[in-house]
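Before any comments, here is the structure.
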Amino acid sequence: MGITETLCYYNTQFIHSCSYFGVFVLMALESMIAPIPSELVMPFAGFLIFTGQFNPWAVMLASSLGSIAGSLVSYGMGVLGEPVVRRYGRYLLLNPHHLEWTSKFFQRHGGKTIFISRFIPVVRHLISIPAGLARMPLMPFILYTLVGATMWNMFLVYCGVRLKENWGIIQKYTHVLDMVVAVGLVAGLGYFIWKFRAAQNLKATSSPEEP
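Remember, the numbering used here sits 22 above the position in the sequence shown when you count from 1.
Below you can see the structure in the form of structure tokens.
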């Protein structure tokens, strides 16, 4: 049994045992760094709605609250981790300028970044940490996280309801989707580094020489 199948098995067993609280816990972990994809949690909850074992409103409430709780923990990790990054970040090729850039980026694009990230595998596990590092205002962070997470969770629940006992078919496509996202992230990171270095070189060449 592969990793995805193992996760799927234990997730379903946990939900069977803990009901709505299980949905809450798994979605909280999913919004942290834990490798628990919502694609293996919410469709099963949708299937249980189809069978009449779960109430759709209770599922949405538990999943949304879980997503918020996990995101707030990660946000707090980012806030508390800022001094560590400032002190030891140079060992990871990070410096105060990176933090300043991150802060300015989240001031301008924080809301839509948080919202869009809720629909992207891997990214939604991590995005709350840089939001905390950038000290993004808490209430907008919660609002955009809530809206994005609720929409994504609702979509997955709908898939589970429609697929019925075939809900597990979704896991067969998560590998492909994760691979596409991983390639996109690597390409995006490379582009960001290139743009950052180009901006630094331009700034260095345009600054007046000292007499």
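Every residue gets a Cβ at the ideal spot worked out from N, C-alpha and C, and that includes glycine.
For chain D, find out if any of its Cβ atoms is closer than 8 angstroms to the Cβ of Val169; answer yes or no. The structure shown contains no chain D; it is built from a single protein chain.
Sequence-distant residues of its chain with Cβ nearer than 7 angstroms to Val95 (five each side left out): The residue labelled residue 95 in the question sits at position 73 within the sequence shown. Answer for Val95: Met54, listed in chain order.
Helix, strand or coil: how does DSSP classify Pro78 here? The sequence position of residue 78 within the sequence shown is 56, counting from 1. Helix, per DSSP.
First and last residue of the uninterrupted alpha helix (DSSP H) at Val169: In the sequence shown, the residue the question calls residue 169 occupies position 147. 160 to 185 is the extent of the alpha helix (DSSP H) around Val169.
If you reduce the DSSP assignment to three classes, tell me which class Ile151 lands in. Sequence index remark: in the sequence shown, residue 151 carries index 129 (1-based). Ile151: helix per DSSP, three-state reduction.
Under the rule that 16 or more other beta-carbon atoms within 10 Å means buried, what is Met158, buried or exposed? Walking along the sequence shown from the start, residue 158 turns up at place 136. Its Cβ being crowded by 16 or more others within 10 Å, Met158 is buried.
Work out the CA separation of Lys186 and Gly98 for me, nearest whole Å. By 1-based counting over the sequence shown, the position of residue 98 is 76. By 1-based counting over the sequence shown, the position of residue 186 is 164. Distance between the alpha carbons of Gly98 and Lys186: 38 angstroms.
With a 10 Å radius around its C-beta and 16 neighbouring C-beta atoms as the bar for buried, classify Ala171 as buried or exposed. Against the sequence shown, residue 171 aligns to sequence position 149. Its Cβ being crowded by 16 or more others within 10 Å, Ala171 is buried.
Between which two residues does the alpha helix (DSSP H) containing Pro65 stretch? Mapped onto the sequence shown, residue 65 falls at position 43. First-last of the alpha helix (DSSP H) with Pro65: 64 to 72.
DSSP three-state call for Ala156: helix, strand or coil? By one-based count along the sequence shown, residue 156 stands at place 134. Note: Ala156 maps to coil in three-state DSSP.
C-alpha gap between Leu102 and Ser93, whole angstroms: As a first step, residue 102 must be located in the sequence shown, where it is residue number 80. As a first step, residue 93 must be located in the sequence shown, where it is residue number 71. Distance between the alpha carbons of Leu102 and Ser93 is about 14 angstroms.
Anticipated Cβ contact below 8 angstroms, Leu29 with Ile58, distance rounded: By 1-based counting over the sequence shown, the position of residue 29 is 7. By 1-based counting over the sequence shown, the position of residue 58 is 36. Contact holds; Cβ gap of about 7 angstroms.
Kindly confirm or deny that the region 64 to 81 and the region 173 to 181 touch, where touching means at least three C-beta pairs closer than 8 angstroms. yes
Cys30 - DSSP class collapsed to helix/strand/coil: Residue mapping note: residue 30 aligns to position 8 of the sequence shown, counting from 1. In this structure, Cys30 counts as helix in the three-state DSSP scheme.
Relative to the C-alpha of Pro162, which residue among Arg146, Leu155, Trp189, Gln129 is closest? Sequence index remark: in the sequence shown, residue 162 carries index 140 (1-based). Taking only the C-alpha atoms, the option nearest Pro162 is Gln129.
Assign Ile138 to one of three DSSP states: helix, strand, or coil. Here residue 138 corresponds to residue number 116 of the sequence shown, with the count starting at 1. In this structure, Ile138 counts as helix in the three-state DSSP scheme.
Which class does Glu49 belong to by DSSP, given the choice of helix, strand or coil? Counting from one through the sequence shown, the residue named residue 49 turns up at place 27. Before going on, a small fix: residue 49 reads as Met here, not Glu. Three-state result, Met49: helix.
Secondary structure at Ile99, three-state DSSP: helix, strand or coil? Your numbering for residue 99 matches position 77 in the sequence shown. Sequence check: residue 99 is Met here, not Ile. Three-state result, Met99: helix.
Three-state class that DSSP yields for Ile58 in the structure shown: Working through the sequence shown from its first residue, we reach residue 58 at position 36. Of the three classes helix, strand and coil, the one that applies to Ile58 here is coil, per DSSP.
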